[in-house]
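Only one structure is covered here, and it is reproduced in the block below.
In our numbering, the protein residues as written are -12 to 337.
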């Protein structure tokens, strides 16, 4: 009999999917807005804009929806209790101003969860695009470059992306199940699996809350109240070794991390998709990792790849162990996550 305080040898459930199960049937995870739903979103955005409010006061009350609520409630359930992701297609984003696109996106977000700060500047709405940042700088954020990312989780329950413009080439989205990586790893090398439950240090990249270390110590795998939860960013794990008091990675830890990366990058496990302008993608960070291929952008500035991003804390999500307080600030369900630095004021840059 399995010990309930320890993870089972194999995780079974809807979030433990493989590419073979999902790649051939995109209708499993790709849905479309109806014209009625698009009209409702546009009307809600126009009404909000007519009041002259700043986007920071968006709420369920100021961005009222009716026909879409059932779809968004089903989405929340799919994220937190199902496969862990969904793409919704069909918004005619090319006819929207950046402000209107942001209002629609953030308005939808208010019906899924509460928005969290994504950086030390307090940005509630993120802009994912190449701004020429140096991918080798230990204080750079990889999403601000055109380089290939690596499979990772973000510091919130759910990450949402709204594609405004796609790259000339590349920039594909990749998703993989944390449970499926665990299952494969445990079949191959259970001795290495155990090491990923150690408090491995991850670099904060200069975004350090008051009273905290410049790194946090959250295991790659956490088993808590019947849930396997992942926290992973390999570049930041490697760069945390620059801090003398961080837990040292043994050769076997490195072997375990390398095998984790190999499995995440195995086409049998991960799914690849190309987000089109107007697509919304939502991903549950606790059960999936996400990645993005490198890309070649358009020479014209106005045509370059640009996505909006939200980090959301979702009511009814799973409980998290105490160690997540280091990164999430609080582990209170529905009010946790984000990067919170002293004196930072939440803002929504357009």
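Each residue gets a CB set at the ideal place from its N, CA and C atoms; glycine is no exception.
- Counting only runs of 3+ residues, the beta strand (DSSP E) found wholly inside the segment 166 to 241 occupies 188 to 190, 202 to 204, 208 to 211 and 214 to 217, in chain order.
- Between the alpha carbons of residue 43 and residue 201 lies a distance of about 29 angstroms.
- The beta carbons of residue 102 and residue 109 sit about 11 angstroms from each other, so the pair does not count as a contact at 8 angstroms.
- For residue 2, the closest alpha carbon among the candidates 262, 325, 26 and 257 is that of 257.
- If you compare the alpha carbons of 209, 272 and 87 with that of residue 33, the shortest gap goes to 87.
- Beta-bridge pairing by DSSP links residue 259 to 161.
- In the structure shown, residue 251 falls within a helical segment according to DSSP collapsed to helix, strand and coil.
- Nearest Cα to residue 265 within the set 163, 234, 148 and 332: 148.
- Collapsing the DSSP output to three states places residue 295 in a strand.
- By DSSP's assignment, residue 300 forms a beta bridge with 101.
- In the DSSP annotation of this structure, the continuous segment of the alpha helix (DSSP H) that includes residue 56 starts and ends at 56 to 68.
- Under a 10 Å Cβ-count criterion, residue 276 is classified as buried, with 16 or more other Cβ atoms of the shown protein chains found around its own Cβ.
- Per the C-alpha coordinates, the member of 18, 196 and 262 positioned closest to residue 331 is 196.
- From the listed residues 113, 254 and 211, the smallest Cα separation to residue 299 is found for 113.
- Under DSSP, the beta-bridge partners assigned to residue 147 are 269 and 297.
- The Cβ atoms of residue 76 and residue 297 lie no closer than 9 angstroms to each other.
- In this chain, the beta strand (DSSP E) harbouring residue 112 covers 112 to 115.
- Between residue 278 and residue 138, the gap from beta carbon to beta carbon is short of 9 angstroms.
- For residue 314, the enclosing alpha helix (DSSP H) starts and ends at 312 to 315.
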